[in-house]
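Here the structure is laid out as structure tokens; the discussion comes afterwards.
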Amino acid sequence: MPAGEQRCPPPATVATNTKDSDGDDEAWVWVQIKAEARRDAESEPALASYLYSTILSHSSLERSLSFHLGNKLCSSTLLSTLLYDLFLNTFSSDPALRSSAVADLRAARVRDPACVSFSHCLLNYKGFLACQAHRVAHKLWTESRRPLALALHSRISDVFAVDIHPAARIGKGVLLDHATGVVIGETAVVGNNVSILHHVTLGGTGKACGDRHPKIGDGVLIGAGATILGNVKIGEGAKIGAGSVVLIDVPPRTTAVGNPARLVGGKEKPARHEECPGESMDHTSFISEWSDYII
Numbered sequence: 006m007p008a009g010e011q012r013c014p015p016p017a018t019v020a021t022n023t024k025d026s027d028g029d030d031e032a033w034v035w036v037q038i039k040a041e042a043r044r045d046a047e048s049e050p051a052l053a054s055y056l057y058s059t060i061l062s063h064s065s066l067e068r069s070l071s072f073h074l075g076n077k078l079c080s081s082t083l084l085s086t087l088l089y090d091l092f093l094n095t096f097s098s099d100p101a102l103r104s105s106a107v108a109d110l111r112a113a114r115v116r117d118p119a120c121v122s123f124s125h126c127l128l129n130y131k132g133f134l135a136c137q138a139h140r141v142a143h144k145l146w147t148e149s150r151r152p153l154a155l156a157l158h159s160r161i162s163d164v165f166a167v168d169i170h171p172a173a174r175i176g177k178g179v180l181l182d183h184a185t186g187v188v189i190g191e192t193a194v195v196g197n198n199v200s201i202l203h204h205v206t207l208g209g210t211g212k213a214c215g216d217r218h219p220k221i222g223d224g225v226l227i228g229a230g231a232t233i234l235g236n237v238k239i240g241e242g243a244k245i246g247a248g249s250v251v252l253i254d255v256p257p258r259t260t261a262v263g264n265p266a267r268l269v270g271g272k273e274k275p276a277r278h279e280e281c282p283g284e285s286m287d288h289t290s291f292i293s294e295w296s297d298y299i300i
């Protein structure tokens, strides 16, 4: 891993990344991916043709990713060649999308002990693939190409079982771990270095219009099956326990658990943590402070 890897950086730090450093990082990760693919092709000849077509035959990460997404998301009426051109043109013209893809690859490799390589994430992690496809759909949405954005959104939901509205804004260094059943609404915002497990809902509270979905701060960890509803703010570095239902704001660096969710330590003086849970992936450190925890 190159020097200078940041842990839960503040937004200002993220914004100071230069195009050159992003390009160097992208090049380094792509070299690693190709080396891993060659190794896997040698050790498992049955995968050699697949690895050649998805990775080894391509000259860059954006070409490999575009090819793979195009083949994953195509249908009888939405051709893989059309999708490949769409993805490649979008990734090639927007360095921020490529930088985000690299940050998401790093997030999976570092945070998920089941992720054995960058190439494994690129090819097999549907949370990663859904997130990259969403970034393209979001770009289309902001360019007022909304019918195409919604068609792509529908295919992402069908293929990956991840439903992210194309208007939702997602930061970089995001891990959708397992990803099945993740739902993120239209006006939701997800910050940098956030980790979200399966069956998480960032939804609204009913038929209200306007800004109606959660705002997730940098470095947040959201456990499996958690539901966060309404235009509420989850503060930077907060932790939401698995299965929790959150309906009000959660302060930074605190832990909310239960249904309805309560702050560990109480609302007057909640327990606070220093680590970045979105990166540490520590789901259980609050238990020692949960006075009524019963087995």
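The sequence shown begins at 6 in my numbering and counts up by one.
Every residue gets a Cβ at the ideal spot worked out from N, C-alpha and C, and that includes glycine.
Just so it is clear, the structure is predicted and the values come from calculations on it, not from any experiment.
Pick from the options that is closest to residue i, judged by C-alpha positions
i	options	result
LYS244	GLY222, GLY208, PRO265	GLY222
PRO282	GLU273, ILE239, SER200	SER200
VAL194	LYS212, VAL225, ALA184	VAL225
PRO275	ARG258, ALA101, GLY242	ARG258
LEU52	VAL36, SER26, SER124	SER124
HIS139	ARG114, ALA119, PHE96	PHE96
SER149	PRO171, LEU93, ILE161	PRO171
SER69	LYS272, LEU93, ALA213, ILE161	LEU93
ARG277	MET286, GLU284, GLY240	GLY240
GLN37	CYS126, ARG160, LYS272	CYS126
ASP287	SER122, PRO256, GLN137, ILE227	ILE227
LEU91	GLN137, SER54, SER81	GLN137
SER85	ASN198, SER98, ARG160	ARG160
Distance CB(residue i)-CB(residue j) smaller than 7 Å
i	j	result
ALA142	HIS158	yes
ILE233	LEU207	yes
VAL251	ALA266	yes
ALA32	ILE60	no
PHE154	LEU145	With the sequence shown as reference, residue 154 is identified as Ala, and Phe is not the correct amino acid for it. Yes. Within cutoff.
LEU78	VAL164	yes
TYR130	ALA113	yes
Nearest-angstrom Cβ-Cβ length linking residue i and residue j, presumed shorter than 8 Å
i	j	result
GLY270	SER249	GLY270 to SER249, Cβ: 15 Å. No contact.
ALA261	GLY246	7 Å
GLU284	ARG116	6 Å
ALA231	VAL205	5 Å
ALA46	LEU56	5 Å
Own chain residues within Cβ distance below 7 Å of residue i, not counting five before or after
i	result
ASP254	VAL237, LYS238
TYR89	SER71, PHE72, GLY75
TRP35	SER65, LEU66
HIS218	GLY190, GLU191, THR192, ALA193, LEU207, GLY208, GLY209, ASN236
LEU128	THR59, HIS73
SER122	GLU41
Cβ shell of residue i (< 6 Å), same chain only, five flanking positions each side left out
i	result
THR210	LEU234, GLY235
THR185	ALA166, HIS203
ALA119	none
LEU102	PHE96, ARG140
ASP168	SER162, VAL188
GLY132	LEU181, ALA184
LEU268	THR259, ALA261, PRO275
GLU280	none
SER290	none
PRO15	Residue confidence is low: PRO15 scores 38 on pLDDT, short of 50, so the model does not pin down where it sits. Its coordinate-derived value is still stated next. Closer than 6 Å at Cβ, skipping near neighbours: no residue.
GLY196	GLY176, ILE221, GLY222, ASP223
Short CB-CB distance (under 7 Å) between residue i and chain D
i	result
ALA184	Among the chains of the structure shown, chain D does not appear; only one protein chain is present.
Neighbourhood of residue i by C-beta distance below 8 Å, restricted to the same chain and skipping five residues each side
i	result
CYS214	none
ASP216	THR192, ASN236
HIS63	SER69, PHE72
Residue i beta carbon near the ligand ATP (any heavy atom closer than 6 Å)
i	result
TRP146	This structure does not include the ligand ATP; it has no bound ligands of any sort.
Would you check if the segment 104–112 and the segment 178–187 touch, i.e. whether three or more CB-CB distances between them fall below 8 Å? yes
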